[in-house]
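Chemist:
In this note's numbering, the protein residues as written are 1054 to 1519.
1) Rank 1315, 1222, 1078 by C-alpha distance to the C-alpha of residue 1454 and give the top, closest one.
2) Can we say the segment 1174–1186 touches the segment 1399–1419, given the rule of at least three CB pairs closer than 8 Å?
3) What does DSSP give as the partner residues of residue 1101 in its beta bridges?
4) Which residue wins for smallest C-alpha separation from residue 1281, given the options 1290, 1312, 1294?
5) Three Cβ pairs or more, each shorter than 8 Å: is that satisfied between the segment 1259–1275 and the segment 1291–1311?
6) Applying the criterion that 16 or more other CB atoms from any shown protein chain within 10 Å of the CB defines a buried residue, is residue 1259 buried or exposed?
7) Would you call residue 1160 buried or exposed, if buried means 16 or more other Cβ atoms sit within 10 Å of its Cβ?
8) Helix or strand or just coil, what does DSSP make of residue 1441?
9) Going by beta carbon distance, what residues of the same chain come within less than 6 Å of residue 1485, once the five residues before and after it are set aside?
10) Quick check: what's the CA-CA separation for residue 1323 versus residue 1151?
11) Are the CB atoms of residue 1130 and residue 1145 nearer to each other than 8 Å?
12) I'd like to check one pair, residue 1189 with residue 1333: are the Cβ atoms closer than 8 Å?
13) Return the chain-ordered list of same chain residues with a C-beta closer than 6 Å to the C-beta of residue 1153, the five sequence neighbours on each side being excluded.
14) Pull up the CB-CB distance for residue 1358 and residue 1472, whole angstroms please, since I reckon it's below 8 Å.
15) Using CA coordinates, which residue listed in 1408, 1439, 1191 is at the minimum distance from residue 1419?
16) Is the separation between the beta-carbon of residue 1356 and that of residue 1509 shorter than 8 Å?
17) Roughly how far, in whole angstroms, is the beta-carbon of residue 1198 from the beta-carbon of residue 1392, given that I think they are within contact range, below 8 Å?
18) In terms of residues, what are the limits of the beta strand (DSSP E) holding residue 1210?
19) Mapping DSSP to helix, strand and coil, what is residue 1132?
20) Pick helix, strand or coil for residue 1246, following the three-state DSSP scheme.
21) Could you check which residue in 1116, 1388, 1345 has the C-alpha nearest to that of residue 1169?
22) Residue 1114 bridges to which residues according to DSSP?
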């Protein structure tokens, strides 16, 4: 299911920013009052953790400090203060399976008893490679601990095979913490470092060409230089909301890369929401390489890189390339037995075609619930759905590029809606307004969000004295 549309065809009522600030402060007070144990742990953590959290992005939760998790199971999280949440964030796709699927837990426990990491292959690795090959129609596979690792390996292989130095990405993309991808297209057409990029090893303009998504002209011009080893692309952008490709864009992308001798890498880490084979299968894409991570191990550190038969042949024909030792591809824990067991159990029992038949209609229910609220209150915002993933934004028309989405972002509204939902027992991803459905998410879970969203919109538009 792919859908993106503006909801109302009339002007949205203006947002009273002073009232929005007051509402946000009210929700912050409610959150702090209801989460004393999390507040204490956050204060204690300031002495040992950077920013009081294991990773700085955990500071992005809207309450000023995050709820500290006590337990996660299925589509629920319980925090240390005893609050139970409907989890529509799902580890920002890492727990797309739901937390702790029983079949995966059993496989993990069994494998842990037989060995966690040995530097030796297991039969599970063959099964997973065969299954991913079936789903994505890509012949050869290697395994990593994350999609970031898979993307790094893909870039190295592309440079090695093509003998070219540059990587092409789309402005405001996200491919994990890969250095080359923190680049955007400047208004003057040059490639510059994205604002906030931390310690780039070199100016991204030296390694990367950034163009706008959905602009075949920019893509063709960049590839004409003859120095681009690969295009690294999500089939639909997901970092700045869901940005869907224009009709025919992927055909143009594939034709232009082939004509230029440039490899095409499709990153399916988030777009696995489209179906069992991601957008690659759903849209009949034909990449040279495909990468993914997060969901395929049900939360156990996992990643995969698929390589077409032709590309694998070119890769292995270069006998001077040392993929086994010093070449910079892989790590000691990559392809470990525990990760492979988790991936096999996930693909065979959890993220199945039958599961998607249930998950995608739930995302449609989410989208329609939000649309109904927007129509009820005359808000011309839009909602986009990609399979079992859906997201709303505060503009009338869906953006076509990452730059448009970045420029139109409204952090004040985002924080209010995230905080309001969290105070009513619903978690959506803290980075944007994304909701993801798992195989164990229920219609009642979706409706709980719709009710909270309706209350949030009603409060926002009910300005005292107006």
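For every residue, glycine included, the Cβ atom is placed at its ideal position computed from N, Cα and C. Quantities reported herein were computed from a predicted structural model and do not represent experimental measurements.
Modeler: If we stick to the structure as given:
1) As a working note, residue 1454 is residue 401 in the chain shown. Comparing C-alpha distances from residue 1454 to each of 1315, 1222, 1078 shows the shortest one belongs to 1222.
2) Yes, the segment 1174–1186 touches the segment 1399–1419.
3) Against the chain shown, residue 1101 aligns to sequence position 48. Residue 1101 is not bridged by DSSP to any residue.
4) By one-based count along the chain shown, residue 1281 stands at place 228. For residue 1281, the closest C-alpha among the options 1290, 1312, 1294 is that of 1312.
5) Touching, yes.
6) Translated into the one-based positions of the chain shown, residue 1259 becomes position 206. Residue 1259 should be labelled exposed.
7) Within the chain shown, residue 1160 is the residue found at index 107, counting from 1. Classification of residue 1160: buried, given that the 10 Å Cβ count is 16 or more.
8) Mapped onto the chain shown, residue 1441 falls at position 388. Here residue 1441 sits in coil by DSSP.
9) Indexing the chain shown from 1 puts residue 1485 at position 432. 1294, listed in sequence order.
10) Taking the first residue of the chain shown as 1, we reach residue 1323 at position 270. Taking the first residue of the chain shown as 1, we reach residue 1151 at position 98. As the crow flies, the alpha-carbon of residue 1323 is around 15 Å from that of residue 1151.
11) Position 77 of the chain shown, counted from the first residue, corresponds to residue 1130. Position 92 of the chain shown, counted from the first residue, corresponds to residue 1145. No. Outside cutoff.
12) Along the chain shown, one-based indexing puts residue 1333 at 280. Along the chain shown, one-based indexing puts residue 1189 at 136. Their beta carbons are under 8 Å apart, which means residue 1333 touches residue 1189 by this criterion.
13) Start at 1 with the first residue of the chain shown, and residue 1153 comes out as number 100. If we look at residue 1153 and ignore the five residues flanking it on each side, its Cβ neighbours are 1126.
14) Numbered from its first residue, the chain shown carries residue 1358 at position 305. Numbered from its first residue, the chain shown carries residue 1472 at position 419. Incorrect: roughly 38 Å between the Cβ atoms, too far for contact.
15) What you label residue 1419 is simply residue 366 of the chain shown in a count that begins at 1. Residue 1439 is the option with its Cα nearest to residue 1419.
16) Taking the first residue of the chain shown as 1, we reach residue 1356 at position 303. Taking the first residue of the chain shown as 1, we reach residue 1509 at position 456. No; because the gap between Cβ atoms is not below 8 Å, this pair is not in contact.
17) Walking along the chain shown from the start, residue 1198 turns up at place 145. Walking along the chain shown from the start, residue 1392 turns up at place 339. Taking 8 Å as the upper bound for CB-CB distance, residue 1198 and residue 1392 are in contact here, some 7 Å apart.
18) In the chain shown, counting from the first residue as 1, residue 1210 sits at position 157. Run containing residue 1210: none in the beta strand (DSSP E); it sits in the alpha helix (DSSP H), 1200–1215.
19) As a first step, residue 1132 must be located in the chain shown, where it is residue number 79. In the structure shown, residue 1132 falls within a strand segment according to DSSP collapsed to helix, strand and coil.
20) By one-based count along the chain shown, residue 1246 stands at place 193. Strand, per DSSP.
21) Reading the chain shown from its first residue, position 116 is the one you call residue 1169. Residue nearest to residue 1169 within the set 1116, 1388, 1345 is 1388 (criterion: CA-CA distance).
22) One-based indexing of the chain shown puts residue 1114 at position 61. According to DSSP, which records beta bridges pairwise, residue 1114 is partnered with nothing at all.
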